[in-house]
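Q:
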Amino acid sequence: MKSRPAFEELIARAGARIELSASEREKMRFVLREYAAFRPRRAAQALPGYWAAITERIEYLGRRVPAFALGALALMLVSGGVAAAAEGTLPGDLLYPIKVAILEPARTSLTFSAAAKASWQRTLAERRLSEAATLAKQGALSPNIEQVLLAGFERSAGAADASLRESGYTASTTDVSTADFAARLSAYESIFREIDTTDERSTTGALESAIHAQLERSASTTAALEDDANVTHLKKAADEALDASANFLGSINRSLTASTSARAQKAFEDAQEFAAHGDELLKKNDAKGASKAFRTSLDAAARLEVLTRAAATLNIDAFAATTSRSVPHTEDSASEED
C-alpha cells in the first residue's frame, strides 16, 4: 500500500497547483461561503426596531407563498446580485432577513431526499452558530440576537434529526456528513468557550447548552448508524476529507499564527494516523474496528476545519479550548475488536 504523504508535502502540492479540478473548485466555493459567514462586519450595530418588523413580514410571506414562488423570487434576487450581498450578512444587517426568510427557505423547498434535507439543515444549524461566534467575538451578541440565533439553530438541528428519522437511520439514505456533525458541533462549543474565556463581554451560555443538548441527542443517532455503515464508503470519505483538509490548510496557513499553525498541523497528522490505522485494521479484515478508525479520522478532519477557520477569521486560538469530547472514537476503541 502506498504510504500517505506528509503534511508538508500535501501543503506543497496544494500550493503548487495552478489549475483547479471541478471537485476542487466546488470545495473552494464551499470554503469561501463558510468564510463569508465568519467575516467580520465593518461596524457592530445595535438591532434596530425596524429590522424585527421586516423579518416578521418576510417570514409571514415565506409561510404563505408557495415553494415555486419562493424559488422564483430567489432567482430574481440572484439575478440582481442581492442574494450574493445577503449571503454573508449577520443579524442586524439590512439584507439579513432576505437571507434567512427567502433565500434559505427557497433552497429548503428544492431539497427532496431525506439525506439531502438532513445535510442542508445541518448546514443551516452551523450557519447560525458561525453568525453567533462572529458577533460574540465583536462583543455584539446581545441577548435578543442570541435568542434569535439559538431558535434558528435548534429549529434546523431538529429538522435534520426529523429527516434522519424519516430515512430510518440507514447508511444508504444518510449522507456521510452525519458522521462528523457531532464533531463540528463540539468544535463550535470549543470556539464559544474560548471566546467566553478571552472576552468578558461575551455570554454564550445558552448556545453552549443547546450545543451540548444536541450532542447528547446525536449520540444515539450515531450509534444507530455505525453498525449499518459501509467500511469502504467510510474509508473513501476519510481519504477525501484528508485531501480537503490539506488543500484548506494550504490556502489558509499564511493567515494563522505560528502556534495555531502548529496546532493545526498536529490535528491534521492525528487525522492521518487514524486513517492509516483504519487501513491496517482493514487489511486484517477487522471491518468494525476500521470503521471506527475512519470515523475518528473524519471527526478529526471536521474539527480541524472549523477550528482553523475560526482561528483565521476570528483571531482566536480555538484549539486551546478543545476537550476530550472532541474525539469520540479513540485508537484504542477502534482496535478493541482486533
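If you use this note's numbering, the sequence shown corresponds to residues 246 to 583, in order. Note that the Cβ used here is the ideal one computed from N, Cα and C, for glycine as well.
1. For the segment 528 to 540 and the segment 357 to 365, state whether three or more C-beta atom pairs, one from each stretch, are separated by less than 8 angstroms.
2. Taking the alpha-carbon positions, what's the A556 to T379 distance?
3. I need the DSSP call for N560, collapsed to helix, strand or coil.
4. To the nearest angstrom, how far is it from the Cα of L409 to the Cα of G403?
5. What did DSSP end up calling N389 once you bin it into helix, strand or coil?
6. Secondary structure at D488, three-state DSSP: helix, strand or coil?
7. For A451 and L374, what's the separation of their Cα atoms in angstroms?
8. Between which two residues does the alpha helix (DSSP H) containing G523 stretch?
9. Counting C-beta neighbours from all protein chains within 10 Å, is the total for N492 16 or more, i.e. buried, or is it exposed?
10. Along the chain, where does the alpha helix (DSSP H) that runs through K362 open and close?
11. Over what stretch of residues does the alpha helix (DSSP H) that includes V327 continue unbroken?
12. Indicate the three-state DSSP secondary structure (helix, strand or coil) for A565 in the structure shown.
13. Check P336 in the structure and name its three-state DSSP category.
14. Using a threshold of 8 angstroms, state whether the C-beta atoms of I390 and P350 are closer than that.
15. Taking 8 angstroms as the cut-off, decide whether the C-beta atoms of D425 and D544 are in contact.
16. So the alpha helix (DSSP H) A351 belongs to, where does it begin and stop?
17. According to DSSP, is L306 part of a helix, a strand, or is it coil?
18. So R429 and E371 are supposed to be a Cβ contact under 8 angstroms. How far apart are they, rounded?
19. Helix, strand or coil, according to DSSP, for N475 in the structure here?
20. Closest to I561 by CA distance: which of N530, T502 and H522 is it?
21. Can you look up T449 in the DSSP assignment and give me helix, strand or coil?
22. So, helix, strand or coil for D544, using DSSP?
A: Answer, in terms of the structure:
1. no
2. Taking the sequence shown and counting its residues from 1, the one referred to as residue 556 is at position 311. Taking the sequence shown and counting its residues from 1, the one referred to as residue 379 is at position 134. Those two C-alpha atoms are separated by around 11 angstroms.
3. One-based indexing of the sequence shown puts residue 560 at position 315. Here N560 carries a coil assignment [DSSP, helix/strand/coil].
4. Counting from one through the sequence shown, the residue named residue 409 turns up at place 164. Counting from one through the sequence shown, the residue named residue 403 turns up at place 158. Cα to Cα, L409 sits roughly 10 angstroms from G403.
5. Your numbering for residue 389 matches position 144 in the sequence shown. Helix at N389.
6. Numbered from 1 along the sequence shown, position 243 holds the residue referred to as residue 488. Helix at D488.
7. Here residue 451 corresponds to residue number 206 of the sequence shown, with the count starting at 1. Here residue 374 corresponds to residue number 129 of the sequence shown, with the count starting at 1. Approximately 12 angstroms between the Cα atoms of the pair.
8. Translated into positions along the sequence shown, residue 523 becomes position 278. Run containing G523: A503 to K528, per the alpha helix (DSSP H) assignment.
9. Residue 492 sits at position 247 when you count from the first residue of the sequence shown. That one is buried.
10. One-based indexing of the sequence shown puts residue 362 at position 117. Its alpha helix (DSSP H) spans residues A359 to Q383.
11. Your numbering for residue 327 matches position 82 in the sequence shown. Here the alpha helix (DSSP H) through V327 covers V327 to E332.
12. Position 320 of the sequence shown, counted from the first residue, corresponds to residue 565. Per DSSP, reduced to three states, the secondary structure at A565 is helical.
13. Locating residue 336 in the sequence shown gives position 91, counting from the first residue. Coil at P336, not helix or strand.
14. Position 145 of the sequence shown, counting from 1, holds the residue named residue 390. Position 105 of the sequence shown, counting from 1, holds the residue named residue 350. The Cβ-Cβ distance between I390 and P350 does not fall below 8 angstroms.
15. Along the sequence shown, read from residue 1 onward, the residue named residue 425 stands at position 180. Along the sequence shown, read from residue 1 onward, the residue named residue 544 stands at position 299. Closer than 8 angstroms, so yes.
16. Here the question's residue 351 lines up with position 106 in the sequence shown. E349 to S354 is the span of the alpha helix (DSSP H), which, as asked, contains A351.
17. Stepping through the sequence shown from its first residue, residue 306 is reached at position 61. Note on L306: pLDDT 46, under 50, position unreliable in the model; the coordinate value appears next. DSSP places L306 in helix when its eight states are reduced to three.
18. Taking the sequence shown and counting its residues from 1, the one referred to as residue 429 is at position 184. Taking the sequence shown and counting its residues from 1, the one referred to as residue 371 is at position 126. The Cβ separation is near 6 angstroms, so the contact holds.
19. Within the sequence shown, residue 475 is the residue found at index 230, counting from 1. Coil.
20. The residue given as residue 561 occupies position 316 in the sequence shown. Cα-wise, what sits closest to I561 is T502.
21. Residue 449 sits at position 204 when you count from the first residue of the sequence shown. Reduced to three states, the DSSP call for T449 is coil.
22. Position 299 of the sequence shown holds residue 544. Correct three-state label for D544: helix.
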